[in-house]
Structure formats: structure tokens, C-alpha cells
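Residue numbers (my numbering): 1120 to 1632. All C-beta atoms in this analysis are idealised placements derived from N, C-alpha and C, irrespective of residue type, glycine included. Values in this document were obtained by computation on a predicted structure and should not be read as measured data.
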């Protein structure tokens, strides 16, 4: 990891060196006291050489390795669930290494130790053959719990969180779970007007707890904020709606040409910065002024409210309602509305794909799914621009040649000259189509360089919207979902026809639910 950016971070090497010293003998600890006097370069060179060896492997060596891996997957990568053979998602344990985390995580650099059999809880059927631990070792525990879907579990030594071996995303259980998630989001459409009317009315409540809950729910609904839980001191200082502090919000009665503006600036999930200025309704603005009045920067905005209370309130509004359902509903609805608005039935497939990515980007922005600019982005863009330049020159040259041939054919009037000119014309049209595709690709890559489109597409957008759009607009589904994703969403591909539309039409509120 010497060439990794995190190695230049003071927190990273401080945590690493502290853990590194714990692995030393007493004699070594007396000698090795300063991280900056340690030289790990020989080890680095060794691993670089190993990596280069793998890259330089012959076709035969790569084929032999692939066959060995396939045999390994066939042995360990499957399990039986209710008599059905199901693929396991992550049957290989993460090897020991250094914890990175996201952003400036307070534990970055700590050593993740090797997971041993004595750390692992196995979960299998009572009548199944219990897998054997490595020789000389024993499992921490063997359970037969059929109320959960994980097959093995252990606690990560760095963050103290439980990790799991689970079924693959296209397993029957997980597909059913996916389908239920999107159906719950569709059902929210029947209740959303009533929920919004209720929290708007509660902005005027005399009970400060009810007011805070109503304003928090407004942000969860409109901005797709996560609920947010309190963090321990040794955890990353990531924030959600309920854990917003006064330092994370700035109130502007007027900003530029807007009124009642709230500026948010905090670290969200995975330490990704959430920075957004939004116009809010006057009553929300005034309530926020009340919530932050006479509070220091480190005090909570919603100090009367916690995540548990908000989640309980959501369950009372609709069976199965969580903050994630709001995100799923608003993400799916945003994509559907964007596709309805932007799609031109007469456009080419390449143009339609650009429309889809723009619609998907609107969802990613809503959900704050950002990414850093890929390392190779600049080089890719330069190569693209070079191709565009060369293609444009080729078109100019061919166009001049075509015009000359067309004039000659007109003057001579022979069928042969006309056919030559016609062939050149078709060649010119092909080049123009290629140039158009290159320009669309350039636009697409530039627009999406800082946005992570996959997260929302795989986790928050009802896949039936994408499938129906593809079928209706004659866009190959493989242009939207790769092979693995198509397997994950096989149920959606079979279920959705071109008339599927999110959410359900003509919502009817069922007061008895």
C-alpha cells in the first residue's frame, strides 16, 4: 500500500504503527520506535513483482488458474436452501490487511487480523453436514437458526461489527426480498399525500417533539436523507437526519435569488460529503431557526428526537415503512418521471442511452451517490477527443471526395459513376454516425465523472422501470444491466412488460391498513 494516497495520512500511519508495535517482541519494541525510520520498500517490491508476474502469465497459465478457481467455486461457492442449490455471494473471507475506511476515518491504518475458525459462527440446517474447520481448530459456535439468511458470521476486530457470509443477490430469498422492497415502495404512493399533509400540519404543533419529528420527516422525504444514528467517539463522524448538528446547517432568509434557503454541509454514509443548498417552505425555515436558537455548534438540531422514535413513527404511518422505503420510492419516481419527460421515441439507441444515464444521474444526485473522479478519466477523455478529432477530419476529407464524385456523376450521367458516389455517400453516413456516438460517449463520461450511477440503479430504483423502458424503446436490456445484474433482476425482466409504470396508477388510500 506504499503507493496509496492514504499512506500519506497522519491518522493512517499513527494507527498502523501502534498496531504494528503490538505484534513485535519486547526486544523489537525497544529498537523500532519511529514509523518514519522504517523502510518497507523491499516488501513493496516483492508484491509488485508478484503482481507483474500475474499480469505476464501466458494464456495456458491463465486458463489453468481459471479452471482451478472454477473447481474451488464448485466446491465452496454453493449451498442447499430448502433443497435448492444456491450460489453463495462471498464465500472467501477477507484476508488480513490494513483498514482504509472512507474519508478521514479515525480507524484508518489499523491492522485487520486474520479471521480464525474460533472467530466464526456457522449457521446451517439441523440435518445438514456441518462443514469441517481447518485441522486443529474449532468453530466458535454452530447454530441452526432458520429465521436469518446468513450462513456464517464473525466480528470484525477493527470496527467491532458483525460480518456475514450470505447468499448471492440472485438467490430466491434475496430476489423475493428485492421484489417486496419495491412493492412496499409502490404501496407508499397510496399513503404519501396523507403522510405529507400530516407532517405539514404537525409543523404548527405546540409540542416541540412533534414539530422536530415533522421537519425531520420532511427532509427524509424531500432530500432522501438517511435517518442517522449517534456515533461512538472511535467511529467516523458520519451524520444522518436525526444526528444533524447546528454546525451542519446554515439558514439564509435570502440567498442569491432564493428565499428561505437551508445550506447543508456534513459527512454522510461512507464519509461522503453532503453539500447542498435547498429552498424550503417558510414554516420549515422558521422551525429550524427555533431548533438551533441559542445552541452551540456541537448541539443536535433535533435534540428532542432520535432515530428509534422516528422509525417507530414511520411504522405507525404505514406497515413496513422505513426511511429506506422513502428513498426507494423517491428514487424510482424520479427515474420514471425523468424518462417520461426526456425520452424521444424517434431518437437513436445511443441518444436514448444518454437520456437514461441523465435520468439515473438525477436519482444519484438526489441520493448523494458521489464518487471521486476515476484515475484514468483524463486519459480516457483525451483519447476520446483525439478519436473525435480524427473522425471529424476523415469526414471532412470524405465529404470533399463525395461532393466531387457526385458532381462527376451528374456530368457523366453513367450508372457506374452514380453507384460509386452512392457508395461514398453511405460510407460518409456511417462515419457521421460513428462521430455522433463518440460525441455522445464524451458527453456521457464527462457528465457522470463524479456520480456513482450503479448504487441507485441496483439498490433504490425499481428495476421494472428500466426493463419496461428498454422494451418500449427497443433498447437492448444488456445496455442497461450487465450479465450479473440481469441475473439479479431476472424476476423483473420476466415480470415487466413495456406498459409497466411506477408507481401504481389511481392511488386509493386504505384507511384500514
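Task: Whole beta strand (DSSP E) elements within the stretch 1357-1386, 3-residue minimum - done: Listed in chain order, the beta strand (DSSP E) runs fully inside the stretch 1357-1386 are 1368-1374, 1377-1386, counting runs of at least 3 residues.
TODO: Using three-state DSSP, classify residue 1198 as helix, strand or coil.
DONE: strand
Open item on the list: Out of 1447, 1617, 1457, which one is the CA nearest neighbour of residue 1308?
Closed with: Residue 1308 has its Cα closest to that of 1447, out of 1447, 1617, 1457.
Open item on the list: From the DSSP secondary-structure annotation, give me the bridge partner or partners of residue 1272.
Closed with: BP columns for residue 1272 point to 1240, 1283.
Open item on the list: On a Cα-Cα basis, can you pick out the residue from 1202, 1615, 1582, 1616 that is closest to residue 1601?
Closed with: 1582
Open item on the list: Excluding the 5 residues flanking residue 1329 on each side, which residues of the same chain have their C-beta closer than 8 Å to its C-beta?
Closed with: Hits under 8 Å: 1321.
Open item on the list: Our contact map puts residue 1222 next to residue 1363 with C-beta atoms below 8 Å; I'd like the distance itself, whole angstroms only.
Closed with: Not really, about 18 Å apart at Cβ, beyond 8 Å.
Open item on the list: Tell me the DSSP secondary structure of residue 1492 in three-state form.
Closed with: coil
- [ ] Could you check the C-alpha separation between residue 1453 and residue 1266 for me, to the nearest Å?
- [x] Looking at the two C-alpha atoms, the distance is approximately 35 Å.
Open item on the list: I believe residue 1220 touches residue 1227 by the beta-carbon criterion, under 8 Å. Please report the beta-carbon distance rounded to the nearest angstrom.
Closed with: Taking a contact as a CB-CB distance under 8 Å, the pair residue 1220 and residue 1227 counts as one, their CB atoms being some 5 Å apart.
Task: Inter-residue Cα distance where the pair is residue 1496 and residue 1428 - done: In this model, residue 1496 and residue 1428 are separated by some 44 Å (Cα to Cα).
- [ ] Return helix, strand or coil for residue 1203, following the three-state DSSP convention.
- [x] Strand, per DSSP.
Open item on the list: Using C-beta distances below 7 Å, list every residue in its chain close to residue 1607, excluding the 5 sequence neighbours before and after it, in chain order.
Closed with: Same-chain partners within the cutoff: 1288, 1289.
Task: Uninterrupted alpha helix (DSSP H) stretches inside the stretch 1434-1503 (no shorter than 4 residues) - done: 1442-1461, 1468-1485
TODO: Can you give me the Cβ contacts of residue 1237 inside the same chain, cut-off strictly under 7 Å, excluding the 5 residues immediately before and after it?
DONE: 1256, 1257, 1259
TODO: Quick one: grab the DSSP three-state call for residue 1411.
DONE: helix
Open item on the list: If you reduce the DSSP assignment to three classes, tell me which class residue 1606 lands in.
Closed with: In the three-state DSSP reduction, residue 1606 falls in the helix class (H, G or I).
TODO: Classify residue 1307 as helix, strand or coil using the three-state DSSP reduction.
DONE: Of the three classes helix, strand and coil, the one that applies to residue 1307 here is helix, per DSSP.
- [ ] Alpha carbon to alpha carbon, how far is residue 1341 from residue 1609? Give it in angstroms, no decimals.
- [x] 31 Å
Open item on the list: Output needed for residue 1410: all residues of its chain with C-beta closer than 6 Å, excluding positions within five of it in sequence on either side, in chain order.
Closed with: Apart from sequence neighbours up to five positions away, the residues of its chain that approach residue 1410 with a beta-carbon distance below 6 Å are 1420, ordered along the chain.
Task: Three-way DSSP call (helix, strand, coil) for residue 1313 in this model - done: helix
TODO: Going by CA-CA distance only, name the one from 1134, 1589, 1542 that's closest to residue 1521.
DONE: 1542
Open item on the list: Can you give me the C-alpha to C-alpha distance between residue 1476 and residue 1563, rounded to a whole angstrom?
Closed with: 7 Å
Task: Contact under 8 Å by Cβ, residue 1507 with residue 1547 - done: no
Open item on the list: Which residue marks the beginning of the beta strand (DSSP E) containing residue 1565, and which one marks its end?
Closed with: Per DSSP, residue 1565 belongs to no beta strand (DSSP E); it is in the alpha helix (DSSP H), 1534-1566.
Task: residue 1381 vs residue 1404 beta-carbon contact at 8 Å - done: Yes, the pair counts as a contact, with Cβ atoms nearer than the cut-off.
Task: Reduced DSSP secondary structure (H/G/I, E/B, other) of residue 1580 - done: coil
Open item on the list: Looking at residue 1569: is its Cβ nearer than 8 Å to the Cβ of residue 1490?
Closed with: yes
TODO: Just grab the DSSP bridge partners of residue 1245 for me.
DONE: In DSSP, residue 1245 forms no bridge with anything.
Task: Straight-line gap, residue 1306 to residue 1197 (C-alpha atoms, nearest Å) - done: C-alpha separation (whole angstroms): 35 Å.
Open item on the list: Is it buried or exposed, residue 1631, if we count other Cβ atoms within 10 angstroms and call 16 or more buried?
Closed with: Here the model assigns residue 1631 a pLDDT of 47, short of 50, so the residue's position is not dependable, and the following value carries that caveat. By the 10 Å Cβ count, residue 1631 comes out exposed.
Open item on the list: Pairs of beta-carbons, one from the stretch 1160-1172 and one from the stretch 1130-1140, closer than 8 Å: are there three or more?
Closed with: no
Open item on the list: Can you look up residue 1626 in the DSSP assignment and give me helix, strand or coil?
Closed with: Legend: pLDDT at residue 1626 = 42, less than 50; position of this residue unreliable, value from coordinates given subsequently. Coil, per DSSP.
Task: Close-in-space but distant-in-sequence residues of the same chain around residue 1468 (CB under 6 Å, 5 per side omitted) - done: 1594
- [ ] Would you kindly check if the distance between the Cβ of residue 1482 and the Cβ of residue 1580 is under 8 Å?
- [x] Their beta carbons are under 8 Å apart, which means residue 1580 touches residue 1482 by this criterion.
Open item on the list: I need the straight-line Cα distance from residue 1378 to residue 1314, nearest angstrom please.
Closed with: 25 Å
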